[in-house]
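Residue 35 in numbering that gives the first Met the number 0 sits at position 36 of the sequence shown; the count goes up by one each step and never skips. By construction, the Cβ of each residue, glycine as well, lies at the ideal position given by its N, Cα and C atoms. Given the structure is predicted, the values throughout are model-derived calculations rather than measurements.
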Amino acid sequence: MIKEKFANICSRISYVMFAAMFLFLPFTSFPLISKLFGGASVAPLSVLPAFILVILLVLPNVIRRQYFSIQFKPLLLFFLFSILSTFLVFFRDTPSFRDTHFLKNALESVVTLLIGFSFYYLCSHFLTSEEKINNVLKWLNIGAFVLIAFSFLQILYIRTPLDDYPAWLRKLTYLISSVGMVFPRRISGLAFEPSWLAHQLNILYLPVWLGFSLKSYSIYKTRILKRITIENILLLCGILMLFLSFSKIGWITFGILIVYILIRVVRSIYYKTVQRLETKQNKKFTKAQSFILKMFTWLIVLLISIIMAVIAAKVMAWLDPKRAADLLNFKALKERGLYSWANLLRIAERLVYWTIGFRTFQIHPWFGVGLGAVGYYFASTIPAFGYKLPDLVHIFNYESFIPNAKNIWARLLSETGIIGTAFFISWIYLQWKASVELDNKKHSVFYQTFGLVGKLAVIAFIFEGFSMDTFGLPYYWVAFGLVVAAWRILKNTQPDETSVVDEISIAQMNEAVID
């Protein structure tokens with residue numbers, strides 16, 4: 000009796016914590032969490048409910064039974080190898096940087112990695128039915144409505160000079176973000192900065208809303224004019240917010256997603272056209288006919304892509320004429336070099352950070368320099384042009400924090416080497432593979448929808464990774480976790496297949512999951 004009551008209480012708490020975790024996702028740098036992490040900028044509010052869920056669900060149930068899906072195992076190998084790589088720092092002549100001991104930075108990196116693992120594991124292993132996934136997505140969308148509402152407040156004052164910015168809105172920004180900054184002519188939503196807003200939109204929110212909209216699937220029964228779903232409205236709002244964040248990598252990433260969707264649509268039209276023509280003519284196409292039709296199809300894709308690129312260039316020229324002109328200034332690129340050309344585009348700092356990461360990788364290519372240690376090689380690997388950039392000089396001489404690579408791929412290579420990066424990429428591959436399996440299930444719109452969501456999330460992560468290097472933000476962990484949760488539901492309904500996941504049912508885990 001007591002055991003049943005305790006299980007019931009745990010189940011209710013789990014439901015509330017899952018709801019809170021998805022509701023709080025838009026908050027990337029909540030001041031209270033930032034203080035708990037020693038002033039860190041990466042301080043998502045959703046960490047609090049995730050921590051409670053780990054205590055309630057993961058520790059008592061999972062570790063005891065060693066219950067891990069096939070998609071999680073590469074992450075375990077990556078984690079163990081990262082610890083090994085970090086341990087090797089004790090046997091290397093690691094450069095010093097400020098008075099910060101490398102162990103402090105390494106521990107912070109391990110903590111952020113474990114935070115990411117927690118989000119991924121909770122989503123992928125404890126959302127065990129379509130109903131549970133739909134429930135948490137409702138809370139995700141409620142949080143998105145809060146994000147949209149606050150972003151529209153920022154839009155109202157987007158052209159207001161900083162000196163005339165409303166004090167109440169500035170104070171509200173300070174209460175929800177540790178940076179407390181107002182960005183002129185850009186919106187940041189509830190995130191630390193505009194590029195972080197673009198990151199959360201591209202990695203999680205837009206793939207979900209795009210996938211649901213394109214598959215005409217909705218978790219709500221409500222339809223506006225009998226056709227328009229809530230996800231359609233959220234998608235339009237999300238695209239507007241992404242545009243007004245003025246994040247260049249965010250724009251590029253979303254453009255790649257649109258091109259991918261275009262390829263899918265054209266390919267679908269191609270196969271339907273071939274099938275219709277073959278049925279009408281009552282004979283198969285010859286190889287030559289198929290080749291000509293394919294070439295014509297891909298020419299259409301190329302033409303539409305060029306038109307989209309021209310439109311994007313026109314918009315950029317209208318918004319920032321000088322930068323648009325510098326982008327095509329190939330004479331400067333030839334005469335002054337890559338860094339000078341990048342400086343005209345105001346991306347030289349990023350390029351220097353990436354170079355530091357890749358040069359550090361060359362020092363220890365197989366094992367890397369250890370988690371959080373790339374910044375200690377800053378002085379010995381910085382390109383000469385970096386000393387011409389005021390921001391980098393300021394960081395090098397005055398700031399107390401350890402710089403990072405600003406690029407997840409450069410960070411993986413520099414800190415974990417070829418071996419660690421291979422483990423991480425194999426994990427990404429398994430997310431794509433699961434998405435492909437879901438996308439191929441023609442009998443279920445639910446599975447197809449999450450297959451498309453997964454593919455969009457993987458593509459977005461690859462490109463967004465060039466501007467973000469943290470493991471602590473939950474967006475790609477949650478996106479991939481939702482996709483794997485859908486994949487596990489599919490496999491658990493097919494117990495005879497060889498690829499079925501471990502037969503231990505989470506439903507038997509003290510029933511301490513959300514209903």
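Simplified DSSP assignment, three categories, for residue i
{"i": "isoleucine 218", "result": "coil"}
{"i": "alanine 39", "result": "coil"}
{"i": "serine 289", "result": "helix"}
{"i": "serine 28", "result": "strand"}
{"i": "arginine 169", "result": "helix"}
{"i": "serine 466", "result": "coil"}
{"i": "phenylalanine 366", "result": "coil"}
{"i": "lysine 387", "result": "helix"}
{"i": "glutamine 280", "result": "helix"}
{"i": "glutamate 192", "result": "coil"}
{"i": "threonine 492", "result": "coil"}
{"i": "asparagine 201", "result": "helix"}
{"i": "arginine 345", "result": "coil"}
{"i": "tyrosine 70", "result": "A quick correction: the sequence has glutamine, not tyrosine, at residue 70. If DSSP states are grouped into helix, strand and coil, glutamine 70 belongs with coil."}
{"i": "glutamate 414", "result": "helix"}
{"i": "isoleucine 12", "result": "helix"}
{"i": "serine 187", "result": "coil"}
{"i": "alanine 372", "result": "coil"}
{"i": "serine 379", "result": "helix"}
{"i": "glutamate 3", "result": "helix"}
{"i": "valine 482", "result": "helix"}
{"i": "asparagine 439", "result": "coil"}
{"i": "asparagine 60", "result": "helix"}
{"i": "phenylalanine 460", "result": "helix"}
{"i": "aspartate 162", "result": "helix"}
Buried/exposed call for residue i, threshold 16 Cβ in 10 Å
{"i": "glutamine 288", "result": "exposed"}
{"i": "glutamine 70", "result": "buried"}
{"i": "aspartate 162", "result": "exposed"}
{"i": "leucine 121", "result": "buried"}
{"i": "leucine 350", "result": "buried"}
{"i": "glutamine 274", "result": "exposed"}
{"i": "tryptophan 208", "result": "buried"}
{"i": "asparagine 439", "result": "exposed"}
{"i": "tyrosine 386", "result": "exposed"}
{"i": "isoleucine 503", "result": "The pLDDT assigned to isoleucine 503 is 40, lower than 50, so where the model puts this residue is not dependable, and the model offers no usable value."}
{"i": "tyrosine 474", "result": "buried"}
{"i": "leucine 302", "result": "exposed"}
{"i": "tryptophan 167", "result": "exposed"}
{"i": "phenylalanine 149", "result": "buried"}
{"i": "tyrosine 219", "result": "exposed"}
Straight-line gap, residue i to residue j (C-alpha atoms, nearest Å)
{"i": "proline 183", "j": "proline 165", "result": "13 Å"}
{"i": "glutamate 334", "j": "leucine 298", "result": "35 Å"}
{"i": "leucine 24", "j": "isoleucine 305", "result": "36 Å"}
{"i": "glycine 210", "j": "isoleucine 362", "result": "42 Å"}
{"i": "isoleucine 54", "j": "leucine 31", "result": "20 Å"}
{"i": "phenylalanine 374", "j": "leucine 200", "result": "One detail in the question is off: residue 374 reads as glycine in this sequence, not phenylalanine. One C-alpha to the other measures close to 28 Å."}
{"i": "phenylalanine 96", "j": "isoleucine 401", "result": "7 Å"}
{"i": "tyrosine 119", "j": "tryptophan 476", "result": "5 Å"}
{"i": "alanine 409", "j": "phenylalanine 360", "result": "8 Å"}
{"i": "proline 73", "j": "glycine 464", "result": "19 Å"}
{"i": "alanine 485", "j": "lysine 271", "result": "28 Å"}
{"i": "arginine 263", "j": "leucine 76", "result": "34 Å"}
{"i": "methionine 467", "j": "leucine 155", "result": "28 Å"}
{"i": "serine 399", "j": "isoleucine 355", "result": "18 Å"}
{"i": "lysine 283", "j": "arginine 266", "result": "18 Å"}
{"i": "valine 110", "j": "serine 194", "result": "23 Å"}
{"i": "tryptophan 426", "j": "lysine 214", "result": "26 Å"}
{"i": "lysine 293", "j": "glutamate 277", "result": "15 Å"}
{"i": "leucine 113", "j": "phenylalanine 89", "result": "22 Å"}
{"i": "proline 320", "j": "leucine 344", "result": "11 Å"}
{"i": "threonine 99", "j": "leucine 224", "result": "60 Å"}
{"i": "tyrosine 216", "j": "phenylalanine 116", "result": "29 Å"}
{"i": "isoleucine 132", "j": "leucine 35", "result": "30 Å"}
{"i": "isoleucine 141", "j": "lysine 103", "result": "37 Å"}
{"i": "lysine 137", "j": "leucine 241", "result": "21 Å"}
{"i": "lysine 395", "j": "threonine 159", "result": "For clarity, residue 395 is phenylalanine in the given sequence; the question names lysine instead. The alpha-carbon atoms of phenylalanine 395 and threonine 159 are separated by roughly 34 Å."}
Min CB distance residue i to chain C below 8 Å
{"i": "methionine 180", "result": "Chain labels in this structure do not include chain C; a single protein chain is all it has."}
Where in the segment 212–278 do unbroken runs of the alpha helix (DSSP H), each at least 4 residues long, occur, reported from the N-terminal end onward? 229–244
When the Cβ atoms of the segment 478–493 are set against those of the segment 446–461, are three or more pairs found closer than 8 Å? yes
Segments of 4+ residues assigned as alpha helix (DSSP H) that fall wholly inside the segment 94–148: Residue ranges of uninterrupted alpha helix (DSSP H) with 4 or more members, entirely inside the segment 94–148 and ordered along the chain, are 101–125.
Any 3 or more C-beta pairs closer than 8 Å across the segment 169–180 and the segment 223–241: no
Touch check for the segment 328–348 and the segment 308–319: three-plus C-beta pairs under 8 Å? no
Are the segment 41–55 and the segment 12–20 in contact at 8 Å, needing three or more beta carbon pairs? yes
Determine contact between the segment 414–431 and the segment 363–383, defined as no fewer than three beta-carbon pairs at a distance below 8 Å. Judged by Cβ distances under 8 Å, the segment 414–431 makes contact with the segment 363–383, as three or more pairs qualify.
Determine contact between the segment 244–259 and the segment 186–203, defined as no fewer than three beta-carbon pairs at a distance below 8 Å. yes
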